[in-house]
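Engineer: Protein chains in written order, with my numbering: chain D, 341 to 426; chain Z, 88 to 677.
After the structure tokens below, expect a handful of questions from me.
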């Protein structure tokens with residue numbers, strides 16, 4: 341019984357670590373590149389866009405999609421590893 | 088074939104499709120009515136979520152907002168998409184595992200308190216009604232502009248359609264009509280965008296076209312910047328808002344998105360926890376197709392608008408020579424012109440053309456046949472353009488074929504109806520399930536509950552229709568309120584409920600009350616009691632203040648929870664259970 345509880349705790353810890361990693365990226369591309377450092381990045385040209393403007397209006401959204409799918413795959417693997425998948 | 092006939096065919100055809108689906112997908116039990124039986128495949132749920140989420144505001148208004156705000160429009164673009172990352176990681180899988188029907192269900196059970204449940208019900212209903220009034224209005228505008236019937240009549244037609252499939256089909260009917268509506272609305276948005284992009288830049292993909300170089304040798308964005316500065320606007324790719332305001336506004340929109348009950352409830356409809364995550368991924372892909380196109384439509388639309396109105400040499404075009412769309416939208420009251428320098432030419436530049444921003448039309452027409460107004464301002468700008476017409480007028484401005492224009496009209500209606508239906512369902516569920524069944528009379532049978540749900544849906548549609556016909560002047564203002572409420576009340580309470588085993592009733596209730604109170608007070612003060620922007624706290628606009636409310640909610644909840652007794656053991660078991668995916672299917676049957 342206690343090993344089962346330990347395993348559940350370990351599963352949750354790994355889940356939290358995955359979430360935190362992805363949330364850091366989520367924050368960096370939107371609030372970082374799109375808002376806080378937008379003017380600095382605008383000095384760089386990227387396919388005809390100032391880079392900061394591109395992140396704010398396009399790039400951040402693409403990264404959001406990638407993050408959700410990365411989370412889907414990470415969690416599917418984690419669910420298998422701890423044998424809690426459906 | 089005339090444009091009117093084409094528009095009737097497109098809108099009529101799409102309505103026939105929705106009704107057909109509604110009849111095919113009737114709901115027979117409360118479970119089918121509330122969560123479509125819990126058996127919706129994740130791709131379909133992703134599409135339905137996208138249609139549910141993309142309202143008249145996304146379809147009609149967003150490109151206009153970005154077009155007129157330039158880079159600052161990113162707060163909406165990132166805010167309304169980034170929320171899905173929060174949903175996928177922090178909310179959707181756990182709420183699916185919890186396996187009930189509504190957001191107040193979770194709040195009430197997790198915090199073992201009917202007070203907490205009631206606060207959640209009130210938030211849900213207020214948020215949803217705020218939203219739905221705008222949708223009905225959107226339907227009305229499209230009908231009146233394209234089918235030349237009164238806005239009132241348009242709203243009634245919209246009500247009848249929604250009534251049909253929301254009341255009959257419940258969540259099951261709504262889900263499959265939303266899938267169809269997504270297809271209609273995305274086609275309607277993308278086809279003109281492809282045309283525009285080809286026309287302006289020669290690139291097929293609008294996302295790439297916005298960065299392209301024009302025949303003049305300058306890129307689209309450089310051209311926009313030059314046009315904007317020439318006319319006295321700020322540079323298009325430069326921000327106008329302060330960094331702190333952008334930050335808080337984006338955060339409020341993101342967390343608000345993740346806390347909107349009609350979005351959350353969509354994740355209750357999939358069979359497994361895994362599917363909740365996957366359908367968030369699909370939903371964002373389907374949403375991003377539109378959202379990444381919006382900046383391009385906004386940019387091309389702005390170039391086209393300025394060049395058409397001011398003419399190629401930028402001296403203005405004679406009013407009598409203006410294309411038909413200009414006069415059509417003038418007739419609809421969304422464009423106005425006052426010939427201030429008396430040269431008979433239309434000149435557009437920065438500044439409010441009319442005192443107070445919007446024109447007030449008087450009876451009669453002027454020298455050139457233009458509609459007379461009572462309040463031309465002293466600014467040299469002669470033209471008022473309502474930013475809501477950007478998407479609808481774009482195909483006409485760019486001279487696209489009539490069938491594209493008809494398609495756009497059908498798409499706008501699909502966007503408005505799909506969101507309205509999702510919201511109405513949430514309202515009716517809150518009343519029949521959370522209030523009737525869980526709070527007032529727990530002894531009613533499944534059949535009775537279903538009848539209550541249908542009655543509540545009928546009443547909600549009638550109220551929404553009333554607001555659509557007699558729009559309260561504050562619809563635009565209260566949208567900030569809807570997101571502020573969701574961000575400062577629903578979102579923190581759910582996240583804490585999942586991620587903190589220590590969070591208890593007292594913490595949740597005090598957090599919600601503080602978050603709500605602060606946010607509502609701030610928004611009401613600045614939107615209704617005449618507060619001015621120089622009084623903004625730390626320079627944060629009312630749209631962004633939901634973030635402050637949310638932070639206060641988190642802090643107060645955690646402090647109060649540590650000072651009061653921990654939640655009982657069975658609540659700890661609930662939390663441990665929702666964190667593990669296995670067993671979601673069984674969890675759904677209670």
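Just so it is clear, CB atoms sit at the ideal spot from N, CA and C, and this is done for glycine as well.
The structure displayed is predicted, hence computed values, not measured ones.
With distances taken between CB atoms, is the gap from residue 161 (chain Z) to residue 396 (chain D) smaller than 7 angstroms?
Structural biologist: Cβ distance < 7 angstroms, so residue 161 (chain Z) and residue 396 (chain D) count as in contact.
Engineer: Helix, strand or coil for residue 425 (chain Z) per DSSP?
Structural biologist: Coil at residue 425 (chain Z), not helix or strand.
Engineer: I'd like to know if residue 399 (chain D) contacts chain Z, where contact means its C-beta is closer than 7 angstroms to some C-beta of that chain.
Structural biologist: It does not: the Cβ of residue 399 (chain D) has no partner Cβ on chain Z nearer than 7 angstroms.
Engineer: If the criterion is Cβ atoms closer than 7 angstroms, does the pair residue 407 (chain D) and residue 362 (chain D) meet it?
Structural biologist: In contact: residue 407 (chain D) and residue 362 (chain D) (Cβ atoms closer than 7 angstroms).
Engineer: Given that a residue counts as buried once 16 or more other Cβ atoms are within 10 Å of its Cβ, and exposed if not, what is residue 420 (chain D)?
Structural biologist: Counting Cβ neighbours within 10 Å, residue 420 (chain D) comes out exposed, since fewer than 16 surround it.
Engineer: Tell me whether the beta-carbon of residue 369 (chain D) lies closer than 7 angstroms to the beta-carbon of residue 410 (chain D).
Structural biologist: No. Outside cutoff.
Engineer: Please state the DSSP three-state secondary structure of residue 306 (chain Z).
Structural biologist: The answer is strand: DSSP assigns residue 306 (chain Z) an E or B state.
Engineer: Quick one: what's residue 432 (chain Z) bridged to in DSSP?
Structural biologist: Bridge partners of residue 432 (chain Z): Z:405.
Engineer: Taking the alpha carbon of residue 219 (chain Z) as the reference point, which residue from Z:569, Z:260, Z:409, Z:99 has its own alpha carbon closest?
Structural biologist: Comparing Cα-Cα distances from residue 219 (chain Z) to each of Z:569, Z:260, Z:409, Z:99, the minimum goes to Z:569.
Engineer: Going along chain D in order, which residues have a C-beta closer than 8 angstroms to the C-beta of residue 334 (chain Z)?
Structural biologist: Within 8 angstroms Cβ-Cβ: 371, 375, 376.
Engineer: So, under 8 angstroms CB-CB, residue 506 (chain Z) and residue 540 (chain Z) are touching, yes? Tell me the CB distance rounded to an integer number of Å.
Structural biologist: No, residue 506 (chain Z) and residue 540 (chain Z) are not in contact; Cβ-Cβ is about 19 angstroms, not under 8 angstroms.
Engineer: Taking the straight line between their C-alpha atoms, what separation do you get for residue 619 (chain Z) and residue 628 (chain Z)?
Structural biologist: Cα-Cα distance, rounded: 10 angstroms.
Engineer: Mind listing which residues of the region 358 to 373 of chain Z have their C-beta closer than 8 angstroms to chain D's C-betas, in chain order?
Structural biologist: If the cut-off is 8 angstroms between Cβ atoms, the region 358 to 373 of chain Z has 359, 360, 361, 364, 365, 367, 368, 371, 372 near chain D.
Engineer: I'd like the ranges of any alpha helix (DSSP H) spanning at least 4 consecutive residues and lying wholly in the region 447 to 513 of chain Z.
Structural biologist: Entirely contained in the region 447 to 513 of chain Z, the alpha helix (DSSP H) runs reaching 4 residues are, in chain order, 477 to 484.
Engineer: Considering only the alpha carbon of each residue, which of Z:435, Z:295, Z:531 lies closest to residue 315 (chain Z)?
Structural biologist: For residue 315 (chain Z), the nearest C-alpha among the options comes from Z:435.
Engineer: Would you call residue 469 (chain Z) buried or exposed, if buried means 16 or more other Cβ atoms sit within 10 Å of its Cβ?
Structural biologist: By the 10 Å Cβ count, residue 469 (chain Z) comes out buried.
Engineer: Whole-angstrom Cβ separation of residue 158 (chain Z) and residue 324 (chain Z), contact assumed at under 8 angstroms?
Structural biologist: About 6 angstroms; that satisfies the 8 angstroms criterion.
Engineer: Mapping DSSP to helix, strand and coil, what is residue 180 (chain Z)?
Structural biologist: Looking at residue 180 (chain Z) - three-state DSSP - the assignment turns out to be helix.
Engineer: Report the partner residues of residue 390 (chain D) according to the DSSP bridge assignment.
Structural biologist: BP columns for residue 390 (chain D) point to D:385.
Engineer: Measuring CB to CB, does residue 747 (chain Z) end up less than 7 angstroms from residue 297 (chain Z)?
Structural biologist: What is shown of chain Z runs 88 to 677, which leaves residue 747 (chain Z) out entirely.
Engineer: Quick check on residue 410 (chain Z): buried or exposed, where buried means 16 or more other Cβ atoms within 10 Å of its Cβ?
Structural biologist: Exposed is the call here.
Engineer: Is it a yes or a no for the region 533 to 549 of chain Z touching the region 174 to 184 of chain Z, going by three-plus beta-carbon pairs under 8 angstroms?
Structural biologist: No, the region 533 to 549 of chain Z does not touch the region 174 to 184 of chain Z.
Engineer: Just by C-beta distance, which residues in the region 401 to 416 of chain D are closer than 8 angstroms to chain Z?
Structural biologist: So the close ones are 401, 402, 404, 405, 407, 408, 409, 411, 412, 415, 416.
Engineer: Would you give the residue range spanned by the alpha helix (DSSP H) that residue 521 (chain Z) belongs to?
Structural biologist: Element bounds for residue 521 (chain Z): n/a, residue is neither H nor E.
Engineer: The region 579 to 593 of chain Z: which residues have C-beta closer than 7 angstroms to a C-beta of chain D, in chain order?
Structural biologist: Going along the region 579 to 593 of chain Z in chain order, one finds no residue with a Cβ nearer than 7 angstroms to chain D.
Engineer: At a CB-CB cut-off below 9 angstroms, which residues of chain D make contact with residue 144 (chain Z)?
Structural biologist: Going along chain D, no residue has its Cβ under 9 angstroms from residue 144 (chain Z), so there is no contact; the nearest lies around 17 angstroms.
Engineer: Under 7 angstroms, do residue 280 (chain Z) and residue 404 (chain Z) count as touching if we go by C-beta distance?
Structural biologist: No. Outside cutoff.
Engineer: What is the rounded straight-line gap between the Cα of residue 415 (chain Z) and the Cα of residue 489 (chain Z)?
Structural biologist: Residue 415 (chain Z) and residue 489 (chain Z): Cα-Cα distance of roughly 15 angstroms.
Engineer: Just to confirm, is the Cβ distance from residue 504 (chain Z) to residue 547 (chain Z) under 7 angstroms?
Structural biologist: Not a contact, by the Cβ cut-off of 7 angstroms.
Engineer: Quick check: the region 248 to 256 of chain Z against the region 576 to 584 of chain Z, are there 3 or more CB pairs under 8 angstroms?
Structural biologist: At 8 angstroms Cβ cutoff, the stretches do not touch.
Engineer: If we call anything under 7 angstroms between Cβ atoms a contact, is residue 556 (chain Z) one with residue 153 (chain Z)?
Structural biologist: No.
Engineer: Just list the residues that DSSP pairs residue 441 (chain Z) with in beta bridges.
Structural biologist: For residue 441 (chain Z), which the question treats as bridged, DSSP gives the partners Z:463.
Engineer: Any C-beta of chain Z sitting closer than 7 angstroms to the C-beta of residue 396 (chain D)?
Structural biologist: True, the Cβ-Cβ gap to chain Z drops below 7 angstroms.
Engineer: Would you mind telling me which residues of chain D sit closer than 8 angstroms to residue 300 (chain Z), beta carbon to beta carbon, in chain order?
Structural biologist: Within chain D, the residues near residue 300 (chain Z) are 388.
Engineer: If distances are taken between C-alpha atoms only, which option among Z:349, Z:467, Z:487, Z:486 comes closest to residue 137 (chain Z)?
Structural biologist: When only C-alpha atoms are compared, the closest one is Z:349.
Engineer: When the cut-off is 7 angstroms and only beta carbons count, does residue 419 (chain D) lie next to chain Z?
Structural biologist: Closer than 7 angstroms: yes.
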